[in-house]
Amino acid sequence: MGLRPGRCYHKLKKRPYTRIAIRKPRKSFVKGVPASKIHQFETGKNKNYPFKFFLQSKENVQIRSNALEASRVTVTKHLTKNLGPENFFFKVLVYPHHIMRENPMATGAGADRFSEGMRRSFGKPIGQTARVKINQKIFMVKVPSNSEKFVKTAFERASKRLPGTYKIIAG
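Under this note's numbering, the letters of the sequence shown match residues -1 to 169, in that order.
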């Protein structure tokens, strides 16, 4: 089954659905959760750089782990191309804890015979999202001087891959 559009999951509607256990899977309330798509949370060299930038959310939103990974790859690729792999430090500040569910609907000829409709419609886990509040920081980049224009373009490209609206803050 294909991936549903992000508009199906980007609003903070209900309470978090997060109870999974890694070390003791039999203690989990939620079974069969796919792994997070984010591969690295930190890249680059963590030195004392003079400039620090953040990507901050302007609204309450849920961000899928694959959207976070796509924007992370965009930022790191742009910064390594322009600054080099050793001249910046990038960190993802949110973690996708919330589990998305999907009630799969049968389509096609004869689907009405075996589909259950809204009976037993709780849904199965299909992925994870990070629940982000207003003014919460999502990414952090530390860079040397004379490189803020590269960070701003990287964050603008990354925000196009995320749901919601964002602002770039120098800290």
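Using N, Cα and C, we set each Cβ at its ideal position, and we do this for glycine too.
It should be emphasised that the depicted structure is a prediction, and the values quoted were computed from it without experimental measurement.
Original post:
Is there contact between the stretch 59 to 72 and the stretch 90 to 108, where contact requires at least three CB pairs shorter than 8 Å?
Top reply: yes
Original post:
Quick one, which of PHE88, LYS56 and TYR15 has its alpha-carbon nearest ASN44's?
Top reply: PHE88
**OP:** Note down the Cα distance separating LYS122 from ASN101, rounded to an integer number of angstroms.
**Re:** 7 Å
Subject >> Coil, strand or helix - LEU81 by DSSP >> reply: helix
**OP:** For SER69, collect the residues of the same chain with a Cβ closer than 7 Å to its Cβ; drop the 5 residues on either side in sequence, then sort them by chain order.
**Re:** ALA156, ARG159 and LEU160
Subject >> Pairwise C-alpha distance: ASP110 and PHE137 >> reply: 46 Å
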